[in-house]
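Those protein sequences? They're chains A and B, same order as listed.
Quick note on my numbering: the first sequence kicks off at -17 and runs consecutively.
Quick note on my numbering: the second sequence kicks off at 2 and runs consecutively.
Every residue, glycine too, gets a C-beta built ideally from N, C-alpha and C.
Given the structure is predicted, the values throughout are model-derived calculations rather than measurements.
Structure first, commentary second.
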Amino acid sequence: MNDISGAIIRQSAHGSVTIRSRCSPEEIRTFVFDSQFGTHAHYKSLYTRRESLENNAALPDADVTLALTDNDHIIGFGVLAYPEPGERWARLGPRLMMEVKAIEVSRNWRSAGVAGGILQTMMNRPMIEDKIIYMVGYSWTWDLDDTGRSTQAYRRMLIRLFEPCGFQEYQTNEPNICLKPENLLLGRIGRNVTKEQKDNFKWLRFDMFNTEE
Amino acid sequence: MRYPKEVVLKEGREAVIRPLQRDDEEMLRRFYAGIPERDRWFMRHDVMDPAVIAKWMDDVDTNKVYAIIALAEGRIVGHASLHMREFGSTRHMGRFRLMVLPEFRYKRLGTWLLLDLIQLAMDKGLSEVRADFVVGIEDAAIEAANKFDFFEKAVLKDYVRDEQGNRRDLLIMIKRLHKSWGDF
Chain A
-17 MNDISGAIIR
-7 QSAHGSVTIR
3 SRCSPEEIRT
13 FVFDSQFGTH
23 AHYKSLYTRR
33 ESLENNAALP
43 DADVTLALTD
53 NDHIIGFGVL
63 AYPEPGERWA
73 RLGPRLMMEV
83 KAIEVSRNWR
93 SAGVAGGILQ
103 TMMNRPMIED
113 KIIYMVGYSW
123 TWDLDDTGRS
133 TQAYRRMLIR
143 LFEPCGFQEY
153 QTNEPNICLK
163 PENLLLGRIG
173 RNVTKEQKDN
183 FKWLRFDMFN
193 TEE
Chain B
2 MRYPKEVVLK
12 EGREAVIRPL
22 QRDDEEMLRR
32 FYAGIPERDR
42 WFMRHDVMDP
52 AVIAKWMDDV
62 DTNKVYAIIA
72 LAEGRIVGHA
82 SLHMREFGST
92 RHMGRFRLMV
102 LPEFRYKRLG
112 TWLLLDLIQL
122 AMDKGLSEVR
132 ADFVVGIEDA
142 AIEAANKFDF
152 FEKAVLKDYV
162 RDEQGNRRDL
172 LIMIKRLHKS
182 WGDF
């Protein structure tokens, strides 16, 4: 792995992959979205159109990180953005929590450390230390078919992917997460997050955080 | 799985879930001393017999039993275990046992313990888990099991007797642990 002016370059069996963070909508528009990001027999990609990445990249503080081949094909992407206003995780306060909304690598390019590189690049930003970054894993969005993993094995793989970047599993009573025991909430609390904010995050996880207090 | 796990119960009380350790023996004795005799009556073993707790401690770190405890305010307030067979026709099946201190019941502690055992059973590759409940005595646990998609496998009518000699039904509940999603 090399680090050249903020971009990470990874070698894989298919060639080199450049991982670039904070891509602008205009930049994204110049790249080709890999055809594997689509609908498969038992799996649908989180984003099936390049425009969805462009829209996310236009959001405040958002980060769309791309894994690109030498001929500018997008073969992996990560999306970091604030939660939607109606979501539980938005209640902690403006611009405090950010969600890793997606990390996906094209089926042809998996098992080459691309996802880890995307996540590592997304977390390599000073602003991250002021935030609580979280990821919600819903097992019904996982590509079990291609990976050949059980839900529990996939869950363990996600934990292994996120832990090196400082994430840990948190318990929550959020109803969608509680729908399946293999679903999970991973979080990373930045160094500059205050004790009060950490405590509030704890109450929020169990739906006991009152914004009027 | 990562421990300790921090959970917040109803009314904001906090608890921490972690595996039972060998040096928890005395604390576990005190926990069962706080369980009403009426509840202890329906347990599989006489937990007031020191040899029973000592035997459970011997089972820590074995592949047959996996036990977790919930700690709050410096004491054990819940104890749950997953029992597995290493051989034979029911090795695909795990059995759950769960006990919560009366003042911590109806506060979701049992639910968190149950969830942890389900995740563990999935991690162990089991395909089904079973829990037995005495109807009319363990109704809170039955309700929690229902919420986790346990279903009634059988009711053994008048199978057990309470300490007054009255007969009660034993409900056997099963939960299937799916390794993947269906295609529906």
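{"query": "Please report the Cβ distance between residue 121/B and residue 93/B, rounded to the nearest whole angstrom; I am assuming they are in contact, meaning their Cβ atoms lie under 8 Å.", "result": "The pair is not a contact, with the Cβ atoms about 15 Å apart (cut-off 8 Å)."}
{"query": "In chain A, what lies closer than 8 Å to residue 25/B by C-beta?", "result": "In chain order: nothing, as chain A lies at least about 21 Å away."}
{"query": "If you reduce the DSSP assignment to three classes, tell me which class residue 10/B lands in.", "result": "coil"}
{"query": "Check each candidate in 80/A, 88/A and 56/A and name the one with the smallest Cα separation from residue 115/A.", "result": "80/A"}
{"query": "Taking 8 Å as the threshold (beta carbon to beta carbon), is residue 149/A in contact with chain D?", "result": "The chain labelled as chain D is not found among the protein chains of the depicted structure, namely A and B."}
{"query": "Since residue 40/B is in the alpha helix (DSSP H), which residue starts that stretch and which ends it?", "result": "38 to 41"}
{"query": "Among 90/B, 156/B, 104/B and 97/B, which has the Cα closest to the Cα of residue 74/B?", "result": "104/B"}
{"query": "Are the beta-carbon atoms of residue 35/B and residue 115/B separated by less than 8 Å?", "result": "no"}
{"query": "Residue 142/A to residue 148/A, Cα distance in whole Å?", "result": "11 Å"}
{"query": "By the three-class DSSP mapping on this structure, what secondary structure does residue 174/B have?", "result": "strand"}
{"query": "Evaluate residue 46/B with the Cβ neighbour count: other Cβ atoms within 10 Å of its Cβ, from every protein chain shown; 16 or more gives buried, anything less gives exposed.", "result": "exposed"}
{"query": "If you measure from the beta carbon of residue 185/A to each beta carbon in chain B, is any gap under 8 Å?", "result": "yes"}
{"query": "How is the alpha helix (DSSP H) around residue 102/A delimited, first residue to last?", "result": "96 to 105"}
{"query": "Whose C-alpha, out of 58/A, 83/A, 8/A and 166/A, is nearest the C-alpha of residue 0/A?", "result": "58/A"}
{"query": "Hey, how far is the Cα of residue 160/A from the Cα of residue 53/A?", "result": "42 Å"}
{"query": "Please identify the residue among 144/A, 6/A, 40/A and 151/A whose C-alpha is closest to the C-alpha of residue 105/A.", "result": "144/A"}
{"query": "Can you tell which of 39/B, 32/B and 68/B has the C-alpha that lies nearest to the C-alpha of residue 163/B?", "result": "39/B"}
{"query": "Give the interface partners of residue 104/B over in chain A, defined as CB-CB distance under 9 Å, in chain order.", "result": "Chain A residues near residue 104/B: none, gap ~19 Å exceeds 9 Å."}
{"query": "Using DSSP's beta-bridge definition, name the partner residues of residue 152/A.", "result": "167/A"}
{"query": "Take residue 84/B as the anchor and find which of 71/B, 78/B and 99/B has the nearest alpha-carbon.", "result": "99/B"}
{"query": "Residues bridged to residue 22/A by DSSP?", "result": "25/A"}
{"query": "Which of helix, strand or coil does DSSP assign to residue 152/B?", "result": "strand"}
{"query": "So for residue 64/A, helix, strand or coil by DSSP?", "result": "coil"}
{"query": "Of all the residues that make up the segment 134 to 165 of chain A, which are near chain B by a beta-carbon distance shorter than 7 Å?", "result": "134, 150, 151, 153, 163 and 164"}
{"query": "Below 8 Å, how does it come out for the segment 88 to 106 of chain A and the segment 6 to 19 of chain A: are there three or more Cβ pairs, yes or no?", "result": "yes"}
{"query": "Residue range of the beta strand (DSSP E) that residue 15/B falls in?", "result": "15 to 20"}
{"query": "Using 10 angstroms around the beta-carbon of residue 153/B, count the other beta-carbons present and answer buried if the total reaches 16, otherwise exposed.", "result": "exposed"}
{"query": "Shortest alpha-carbon distance to residue 164/A belongs to which of 119/A, 131/A, 44/A and 188/A?", "result": "119/A"}
{"query": "Helix, strand or coil: how does DSSP classify residue 33/A here?", "result": "helix"}
{"query": "Would you check if the segment 2 to 12 of chain B and the segment 106 to 114 of chain B touch, i.e. whether three or more CB-CB distances between them fall below 8 Å?", "result": "yes"}
{"query": "Contact criterion: CB-CB distance below 8 Å. Does residue 117/A meet it with respect to chain B?", "result": "no"}
{"query": "Relative to chain A, which residues along the segment 2 to 27 of chain B have a C-beta separation below 7 Å, given in chain order?", "result": "3, 6, 7, 8, 9 and 13"}
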